[in-house]
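For reference, the structure discussed in these notes is given below.
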Amino acid sequence: LGIKYDLVDVTEKPEYLEKYPIFTAPGLVIDGKLEFTGVPKKEDLEK
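In my numbering, the protein residues as written are -1 to 45.
So this is what it looks like as structure tokens:
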């Protein structure tokens, strides 16, 4: 899809668990908002 992203391992940065309610890995945060938990479908990412 050509999307730039940063990959964060929450075991190395647990402060992300405090900032975002991620209970299922992976969690996908877009513009500071948790948008997806689990693996999103390509169609959902294209929206």
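Virtual Cβ for every residue (Gly too), placed ideally from N, Cα, C.
Where DSSP assigns a beta bridge to LYS31, which residues make up the other side?
Answer is ILE28, bridged to LYS31.
Using DSSP with H/G/I as helix, E/B as strand and the rest coil, what is GLU16?
helix
I'd like to check one pair, PRO12 with LEU32: are the Cβ atoms closer than 9 Å?
No, Cβ-Cβ distance for LEU32 and PRO12 is not below 9 Å.
Taking Cβ positions, are PHE21 and THR35 nearer each other than 9 Å?
In this structure, THR35 lies closer than 9 Å to PHE21 by Cβ.
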